[in-house]
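Student:
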Amino acid sequence: MSSELEQRLREARETLPDPDSAATREARSRALATIRERRSRRVRVAAVVAVLVAALLGLGLAEASFLREPFKTSTPTTSRIVDRTFVCAHGPLGDLQEIEARAGRGIRETRSQWKQLPFAVVAAGRATSSISQWGSLAHSFAWITAGDPAATTTIDSAWRKTGVPATLGVSLRACKRATSRVALSAAGLSGGGASPFGEEFDCPTPRRFLVRVRAVLSSPASLRTRESFLATRVAVRDARLAVRTLTGRALVYAETFGSGKTRLFTAGGCFRE
Amino acid sequence: MRRRPDTELIVLARQGSIEAAEILFDRYWTHAWKAAYAVTADRSLADDAAQEGIEKAFGALGRFDETRPFAPWLKRIVVNRAIDHLRRYRRVEALHDEQRALHRWEVGDSVEEDLRSWVVADAVAALGSSKRLVVVLHYWLDLPLEEIAGVLGLPVGTVASRLARAKAELRAALEEDRVV
């Protein structure tokens, strides 16, 4: 009996699902990047050895161009996967220690054109203005969208302007890169699908908190500095955004999909605007 | 085409060969991810744990003893990462619903066997997380009890008794479903 149970247990492992293609692409790119880094280290070491040998042979250190310029590290690579984690602080965007999580389902103008992109924004909890081209996004810590915007497409129901300045962005004023791990999971949060008219929640947070943005772009791109944001204009296929405290407590989780669907989940301490 | 041995690929990848690293990745990624998923029962956590595990393994190829098999070494790294993630996010109990089922949802050619295995996988998923972990580590990931005790930081006796209780629970559930 026991051996039959053990046999059934071993057979059942064959039913485990497979990884999805986005996770596979990302893992491949991260794994290969470590090999590239290893190769560039070897090249750098070889270059240093070559320079030292040249110097010892009397060729003259001044001619060793490697020593006049810093060694180039790997050039920024473009990728269809953007996966960055940041530690963000309230100070630069306001002193109110709460974040505003806004999200809305996409609205189609025509079959192939969006009136409003599916979006999710995490912004400073303060009144928004639309003086700059960034509109309400000017006070955002980060935002994600999905879909290909046209010239007249909008995002974020708090913003009445047309045009999408960036399909994904993170504030460089308020956020810095972090190596902490932030799970992209709605576990422990409540919420669900966002309506086209938008959902808005205020969530109290500590002064500093973690934000992770992960997106699959429609074509390879690297994030660029645009005014005070690290952003891209390349269309996003689907994206996820998670906010956690530095101790790992989940605050907000949002997902946007190319189909137009958006899901927003918030912690128990958040309240609907 | 000749299947290039892992040892050869590891030596080349250490020297910076992207092609060798790609072959190694393709050969082991799915296994690594499934191991992470078996432990976490959560796609996001499995993505993170498997990605970090394979990245860490590739970064540590210089320290890997290529006379030993690569797969168990990678699996141990991934399993450790997955357990770290589980602990960090305090997933005490795996939810038992369509989102969190341990098995895939497509049937293969042998429908009856698949369905029977689904029942077993569902019964495993329904165990408490501490019992589920030892079952998954022992029967799905083939770790001996001593190694499970090591990764979970428990005495071997505790692991053995937890496994015995889990099997008793599974036997009762599967007898009810007439699977064993």
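The listed protein sequences derive, respectively, from chains A and B.
The opening position of the first sequence corresponds to residue 281 in the numbering used here, with each subsequent residue numbered one higher.
The opening position of the second sequence corresponds to residue 3 in the numbering used here, with each subsequent residue numbered one higher.
Even for Gly, the Cβ is constructed at its ideal location relative to N, Cα and C.
(1) Around the C-beta of A117(B), are 16 or more other C-beta atoms found within 10 angstroms, so that it is buried, or is it exposed?
(2) Can you grab the Cα-Cα spacing for the pair L510(A) / A446(A), in whole Å?
(3) Report buried or exposed for V491(A), applying the criterion of at least 16 other Cβ atoms within 10 angstroms of its Cβ.
(4) To the nearest angstrom, report how far apart D298(A) and K36(B) are at their CA atoms.
(5) Quick check: the Cα distance between S502(A) and R461(A), rounded to an integer number of angstroms?
(6) Using three-state DSSP, classify S410(A) as helix, strand or coil.
(7) Between the C-alpha atoms of V157(B) and A62(B), what's the straight-line distance to the nearest angstrom?
(8) Can you give the beta carbon distance from T542(A) to A302(A), rounded, assuming they're within the 8 Å contact cut?
(9) Out of A519(A), R388(A), G405(A), A313(A), which one is the CA nearest neighbour of T425(A)?
(10) Near E148(B), what residues of its chain come up, given a Cβ to Cβ distance below 7 Å and the 5 sequence neighbours on each side ignored?
(11) One question on the structure: do I361(A) and L397(A) come within less than 8 Å of each other, judged by their Cβ atoms?
(12) Give a yes or no on whether the minimum CB-CB distance between R173(B) and chain A is below 8 Å.
(13) Just checking: is the beta-carbon of A400(A) within a distance shorter than 8 Å of some beta-carbon in chain B?
(14) So, A143(B) versus K77(B), is the Cβ gap smaller than 8 Å?
(15) Let me make sure I understand the geometry here. Which of Y30(B), F27(B), A52(B) has the alpha-carbon closest to that of Y39(B)?
(16) Return the bridge partner residues of T425(A) from the DSSP annotation.
(17) With a cut-off of 8 Å, does the C-beta of L147(B) fall near any C-beta of chain A?
(18) From the DSSP output, in three-state form, read off V323(A) for me.
(19) Going along the chain, which residues of its own chain have a beta-carbon closer than 8 Å to the beta-carbon of R388(A), five neighbours each way excluded?
Tutor: Reading off the structure:
(1) Taking the second sequence and counting its residues from 1, the one referred to as residue 117(B) is at position 115. Residue identity differs from the one stated: residue 117(B) is Leu in this sequence, not Ala. By the neighbour-count criterion, in which 16 or more other beta carbons inside 10 Å mark a residue as buried, L117(B) falls on the exposed side.
(2) Translated into the one-based positions of the first sequence, residue 510(A) becomes position 230. Translated into the one-based positions of the first sequence, residue 446(A) becomes position 166. Whole-angstrom Cα-Cα distance: 9 Å.
(3) Translated into positions along the first sequence, residue 491(A) becomes position 211. Label assigned to V491(A): buried.
(4) Residue mapping note: residue 298(A) aligns to position 18 of the first sequence, counting from 1. Residue mapping note: residue 36(B) aligns to position 34 of the second sequence, counting from 1. In this structure, the alpha-carbon of D298(A) lies about 7 Å from that of K36(B).
(5) For the purposes of this step, residue 502(A) is taken as the residue at position 222 of the first sequence. For the purposes of this step, residue 461(A) is taken as the residue at position 181 of the first sequence. Approximately 21 Å, taken between the alpha carbons.
(6) Here residue 410(A) corresponds to residue number 130 of the first sequence, with the count starting at 1. With a pLDDT of 46 at S410(A), under the threshold of 50, the modelled position of this residue cannot be trusted; read the value that follows with caution. The three-state reading of DSSP puts S410(A) in coil, since its state is none of H, G, I, E or B.
(7) In the second sequence, residue 157(B) corresponds to position 155, counting from 1. In the second sequence, residue 62(B) corresponds to position 60, counting from 1. It is Pro, not Val, that sits at residue 157(B) in the sequence shown. The alpha-carbon separation between P157(B) and A62(B) amounts to approximately 29 Å.
(8) Taking the first residue of the first sequence as position 1, residue 542(A) is located at position 262. Taking the first residue of the first sequence as position 1, residue 302(A) is located at position 22. Wrong, their Cβ atoms sit about 18 Å apart, outside the cutoff.
(9) As a working note, residue 425(A) is residue 145 in the first sequence. With distances taken between Cα atoms, T425(A) lies closest to A519(A).
(10) As a working mapping, residue 148(B) is identified with position 146 in the second sequence. Annotation for E148(B): V158 place their beta carbon closer than 7 Å to its own, counting only its chain and skipping 5 residues before and after.
(11) Reading the first sequence from its first residue, position 81 is the one you call residue 361(A). Reading the first sequence from its first residue, position 117 is the one you call residue 397(A). Against a cut-off of 8 Å, the Cβ pair of L397(A) and I361(A) comes out as no contact.
(12) As a position in the second sequence, residue 173(B) is number 171, starting the count at 1. Yes, R173(B) counts as interfacial toward chain A.
(13) Against the first sequence, residue 400(A) aligns to sequence position 120. Interface annotation, A400(A): not in contact with chain B, CB-CB separation never under 8 Å.
(14) Indexing the second sequence from 1 puts residue 143(B) at position 141. Indexing the second sequence from 1 puts residue 77(B) at position 75. For the record, residue 143(B) in the displayed sequence is Leu; it is not Ala. A contact, by the Cβ cut-off of 8 Å.
(15) Residue 39(B) sits at position 37 when you count from the first residue of the second sequence. Distances from the alpha-carbon of Y39(B) to those of Y30(B), F27(B), A52(B) put A52(B) closest.
(16) Start at 1 with the first residue of the first sequence, and residue 425(A) comes out as number 145. Its beta-bridge partners are F399(A).
(17) In the second sequence, the residue the question calls residue 147(B) occupies position 145. So, not an interface residue.
(18) For the purposes of this step, residue 323(A) is identified with residue 43 of the first sequence, where counting begins at 1. In the three-state reduction of the DSSP assignment, V323(A) falls in the helix class, which pools H, G and I.
(19) Mapped onto the first sequence, residue 388(A) falls at position 108. Within the same chain, R388(A) has close Cβ partners W394, K395, G540.
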